[in-house]
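Protein chains in written order, with our numbering: chain A, 1 to 537; chain B, 1001 to 1537.
Protein chains: 2
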Amino acid sequence: MSTSELSWSGWGDPAQATPLPEAITELLRSGLGVDRPTPVPDSIDQVTLTPIRLGTAPATACTEIVGAEHARSDHDARVRHARGKSTLDLLALRAGRPIAAPDLILTPASHAEVLAILGVCTEHRVAVVPFGGGTSVVGGLVPDSDGFAGWVAIDLRRLDALVSLDEQSRLATLGPGLRGPAAETLLAQRGYTIGHFPQSFEYATLGGFAAARSSGQSSAGYGRFDDLVMGLQVATPAGTLVLGRAPKSAAGPDLRQLMLGSEGSLGVITELTLRIRPAPPHRVYDGWRLPDFDRGLAVVRALIQDGPVPTVLRLSDEAETALGLARPERLGSGGDGGCLAIVGFEGTEADVAVTRTAASRVLEAAGGRPVAEAGEGWVHGRFAGPYLRDALLDAGALVETLETVTFWRSVRGLYDAVTTAVRDDLTAQGTPPVILCHVSHVYPAGASLYFTIACAQLPQPSEQWLRAKHAATAAILAAGGSITHHHGVGRDHREGLAQEIGELGMRVLAGIKATVDPAGILNPGILITPQSSLNLR
Amino acid sequence: MSTSELSWSGWGDPAQATPLPEAITELLRSGLGVDRPTPVPDSIDQVTLTPIRLGTAPATACTEIVGAEHARSDHDARVRHARGKSTLDLLALRAGRPIAAPDLILTPASHAEVLAILGVCTEHRVAVVPFGGGTSVVGGLVPDSDGFAGWVAIDLRRLDALVSLDEQSRLATLGPGLRGPAAETLLAQRGYTIGHFPQSFEYATLGGFAAARSSGQSSAGYGRFDDLVMGLQVATPAGTLVLGRAPKSAAGPDLRQLMLGSEGSLGVITELTLRIRPAPPHRVYDGWRLPDFDRGLAVVRALIQDGPVPTVLRLSDEAETALGLARPERLGSGGDGGCLAIVGFEGTEADVAVTRTAASRVLEAAGGRPVAEAGEGWVHGRFAGPYLRDALLDAGALVETLETVTFWRSVRGLYDAVTTAVRDDLTAQGTPPVILCHVSHVYPAGASLYFTIACAQLPQPSEQWLRAKHAATAAILAAGGSITHHHGVGRDHREGLAQEIGELGMRVLAGIKATVDPAGILNPGILITPQSSLNLR
């Protein structure tokens, strides 16, 4: 597990990157026609940025709030805060054209400092981007800053305290700037865990998990991150919101649920109170082969609806299983027929034994057969996916993921619709893809689908991907799915959001923004369409 | 179980009312000094109403939408839609002074008709109160209609269909006007249950459960009603919202959570998609005596945090246990020392056996002892509480309930603070009360407290109660609790809401209302303070 600075040009810690297995390189060449490695910038200095626009007055005022040592506008800091980690972001950094970047990066140390920064930026009409781990894959860090007097990033890394721990209520109050591993380490010292392990775990922050409604790989057992948030302190240009006096209440609409998923467009989360659990003394992860995807879907649905409910429950389709993507240690080795399910159990040894035995019975009755070592292989490689994408991009492939969620009745139709739409589009572009899918999160009423798509890069790979992505989004909406299960809206899904929640839903969001952020400085262009551009009646 | 029309002057079906046990009458006399029965109006005709104000133009337009047979302005209909079922409501009906009532009661048959009514009422600036079962206990049906051109109630009883049932996703789409028993009957015919059984179950409606964030007696097993809502169709003056494409999504803030708890002030719920479960073939309810309230709190917390989690989990304090309020069949019989817990299990016979055995072990280890027949006594009498209140009011007692919720660490302090505040206030008024309490709903992070308060009536009982209630609310807020766990905000908790979510939180609500209800016609004065009256910066 890495705790290094996130690579500016790709994922994670460059020291952890591993070369592609020869089998994959061969597959890329023979299967997808990928044979031209793409150039990667050697150094961060090769990235060109658009000029700094922020005037002296707001820059000075902001710098005074945090202190000069916590205000940066050097090239390195600007590049590292310019983009997230979508394939489009990585391609933009490789394309050689100037990219937009924040003018000033501030690292405040308190809620009061965040409020003060918002005050200065409101006064001077400066766009503000709250910045956690920088791991957005939906363009959530790139504001529409035209028309603003500059772009300031608020990097929350110094808000990294375990503020308090309430063992009786099993609650921890934590700073939003804590990355996943740091938060878990603080809690492990007291015997607790949050239990939230998304693929971005090593670099993403608690504030980002909340702002983007993250979902972790153990969501069947621990819940999504939005299920874990019991309290929020939020700094907005209009003042402070302190939300959450109880797990649940009937005191009107749940305003926590407005801030969860607000992606920095309604406020800056400066403190979170989270459910915690005793760290499980025992964990075991099993692999099961199901005969096919339909029977796999039926059995994971049976487990989540009728129990016993495992802590981890995932199901790869035939293509993903064949490629071994669920087991990075065996990547490209082939040979696994059917569909691989990962079924994990955490808890006391006795509880794990009981639940595992009962779940195994359900899986066996559905035609499942144990796959030795597959579960442990998955858990050891489960944060490796983004490294693989970097290597594939380097090799000249276009690789990206997309995800959706719907009710069970529509899951199979959604799977077929997305697969068909993406395959048809990329094939029409002359680059027939490999499309892999897994069910990553299950609920009694429905499930998410997570697609990985790879094909040969065209000379304009961003345009190539945007076209395929547009086809996927249209297919998702037509099949009844949500545009995103856990990646968020950002810039990339904004059009889809309008179709999903309707014009009135968008106006509701714009109305909320007008209250908490009247100057519209927070993450402009992310999630919310400004009220002025909506067709107001 | 009754399915009659709700009594206009009290709770439920008058035929089901039972006289007070002699022991209770004696207790009222000797313990509280209650010895003067209060006069009850014999007939609905004795109630006087303020005159009809609605003009001919809006009345005619509204009537044309639904048809003359579904538009009433007769005395009987007006009285039955004037008030909810709080003690303040019942006292107002008994006081003999003219009370405000809707001018026109409409029973639309479709979403389109509701939208059309909202259009007419917006045009003519007529206050609109969405009306489900009429069981509000927080003044949620009494709008601030001054300044409006009248008051129209939209009674949703004709929106009572089981629209669709999706067995694969375990979802049912239902009309908001269905009362609890009717909805359960429709689903039972297909083998399913919603599992939502609040004390108001027999008369309250699905739309009301959602609009007021109801919580049922089986919430430990089935969740609160807001946990069960997967989709909503809402008619607003600004148009229709259709929300919920999946159990969970990262497509921005969860707008379902805005409409849940909106109490008719943001829109009229015209369709709900709810989680359903297979009807449990086996149910068993046990009674356990715990040595005292603190040890009782510790064991219900242990069960909800570490399992096994029962379907029903309640705990009465010493006073409520002594009075036998948890066991209406033994009311006033005394003799039960300690604190009575009700622990219920529903599911397959095998699952119930396993969970019950394991829970019993936890209860025994905490010093619990089984109380024969107490569980079955509770389940048979669980909808009887409101009948008892009517009888107590008739006998001359002032009786009301109030509830709150907080995190576990604050539960005991909240209990003490509310008890002390209410006792001190009513004692200072010369009417020392009996105060009973139970934990009705538990979560891993916290629990609700439900208080029943009884004392002798003063000549101005409404003022007497309002003073005590104000003291209770202040104590709740100071002790960190929420002003309501499941009764809602209505009129009665509006001041407390402003303290709970802050001035900015109130402005957020007002901003949302300005978007969906620009004329402010929906339930004016309920939940949301109009934006114009807030101190806008």
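Positions of the beta carbon are idealized from the N, C-alpha and C atoms, including for glycine.
Would you kindly work out how many angstroms separate the C-alpha atoms of A:Arg491 and A:Arg245, rounded to a whole number? If you take the alpha carbons of A:Arg491 and A:Arg245, they lie about 33 Å apart.
Assuming contact is defined by CB atoms lying nearer than 9 Å, are B:Ala1057 and B:Leu1106 in contact in what I supplied? no
By the criterion of Cβ-Cβ separation under 7 Å, what are the contact partners of B:Phe1197 in chain A? The contacting residues do not exist; B:Phe1197 stays about 16 Å from chain A at best.
Chain-ordered residues of the stretch 180-210 of chain A with a beta carbon less than 8 Å from chain B: Contacts with chain B (Cβ-Cβ distance below 8 Å) from the stretch 180-210 of chain A involve no residue at all.
Endpoints, beta strand (DSSP E) assigned at A:Ala188: Here A:Ala188 belongs to no beta strand (DSSP E); instead the alpha helix (DSSP H) covers 180-188.
Same chain, Cβ closer than 7 Å to A:Ser2, five either side skipped, listed in chain order: Annotation note: pLDDT 47 at A:Ser2 (below 50); position unreliable, no value reported.
Comparing C-alpha positions only, which one of B:Thr1431, B:Arg1036, B:Phe1451 sits nearest to B:Ser1440? B:Phe1451
With the cut-off set at 9 Å, would you say A:Gly511 and A:Pro37 are in Cβ contact? no
Under 7 Å from the C-beta of A:Ser249: neighbouring residues of chain B: Val1405, Ser1482, Thr1484, His1485
Rounded Cβ spacing between A:His438 and B:Ala1250 (contact assumed at less than 8 Å): At roughly 17 Å, the Cβ-Cβ gap does not stay under 8 Å, so A:His438 and B:Ala1250 are not in contact.
Could you tell me which residues DSSP puts in a beta bridge with B:Leu1449? Under DSSP, B:Leu1449 shares a beta bridge with B:Thr1404.
Between which two residues does the beta strand (DSSP E) holding B:Trp1288 run? 1282-1290
Would you say B:Glu1123 faces chain A, with C-beta separation under 9 Å as the test? no
Environment of B:Ile1526 [buried if 16+ CB atoms lie within 10 Å]: B:Ile1526 is buried by the Cβ-count criterion.
With A:Pro370 as the anchor, note down where its alpha helix (DSSP H) starts and where it stops. Taken as a continuous stretch (DSSP letters only), A:Pro370 belongs to no alpha helix (DSSP H), being part of the beta strand (DSSP E) at 369-371.
Just to confirm before moving on: does the CB-CB distance between A:Thr205 and A:Pro176 stay below 9 Å? yes
Does B:His1282 pass the burial test, meaning 16 or more other C-beta atoms within 10 Å, or should it be called exposed? exposed
B:Pro1237: buried (16+ other C-beta within 10 angstroms of its C-beta) or exposed? buried
Under 8 Å: do the stretch 284-303 of chain A and the stretch 193-202 of chain A share three or more Cβ pairs, one atom per stretch? no
CB contact below 9 Å: A:His111 versus chain B: Taking Cβ atoms only, chain B never reaches closer than 9 Å to A:His111, which makes this a no.
Give a yes or no on whether the minimum CB-CB distance between A:Pro310 and chain B is below 9 Å. Cβ-Cβ to chain B under 9 Å: no for A:Pro310.
Does any residue of chain B have a CB that is nearer than 9 Å to the CB of A:Gln217? no
Among residues of its own chain, excluding the 5 on either side of B:Thr1419, which ones have a beta-carbon nearer than 8 Å to its beta-carbon? Within the same chain, B:Thr1419 has close Cβ partners Ile1435, Cys1437, Phe1451.
Pull up the distance between the alpha-carbon of A:Glu346 and that of A:Thr273, whole angstroms please. 23 Å
Taking the alpha helix (DSSP H) that A:Phe148 falls in, what are its first and last residues? Looking at the DSSP string, A:Phe148 is not in any alpha helix (DSSP H), and its letter there is neither H nor E.
If you draw a straight line from the C-alpha of A:Arg295 to the C-alpha of A:Cys339, how long is it? So the alpha carbons of these two residues sit roughly 9 Å apart.
When the cut-off is 9 Å and only beta carbons count, does B:Glu1349 lie next to chain A? Answer no: the Cβ-Cβ gap between B:Glu1349 and chain A never drops below 9 Å.
Assuming B:Ala1212 contacts B:Gly1140 under a Cβ cut-off of 8 Å, what Cβ separation, rounded to an integer in Å, is found between them? 7 Å
Minimum length 3: unbroken beta strand (DSSP E) runs contained in the stretch 1242-1280 of chain B: Positions of the beta strand (DSSP E) runs, each at least 3 residues long and wholly inside the stretch 1242-1280 of chain B, are given as 1268-1275 in order along the chain.
For B:Thr1529, which residues in the same chain have their Cβ closer than 6 Å to its Cβ, ignoring the five residues on either side in sequence? Met1506
Please list, in chain order, all residues of the same chain as A:Leu536 whose beta carbon is under 8 Å from its beta carbon, the five residues on each side excluded. The predicted position of A:Leu536 is uncertain, since its pLDDT is 41 and thus under 50; a value taken from the coordinates is nonetheless stated next. The answer, listed in chain order, is Arg507.
Going by the DSSP bridge assignment, what does A:Gly347 pair with across the sheet? A:His282
State buried or exposed for B:Gln1189, treating a residue as buried only when at least 16 other CB atoms are found within 10 Å of its CB. The residue is exposed, with fewer than 16 neighbouring Cβ atoms inside 10 Å.
Could you tell me which chain A residues have their CB closer than 8 Å to the CB of B:Glu1026, listed as they occur along the chain? Result: empty, since nearest Cβ-Cβ is about 36 Å, beyond 8 Å.
Own chain residues within Cβ distance below 6 Å of B:Thr1406, not counting five before or after: Leu1414, Gly1446, Gly1480, Gly1481
Going by alpha carbons, who is nearest to B:Pro1386 out of B:Val1142, B:Thr1185, B:Gln1199? B:Gln1199
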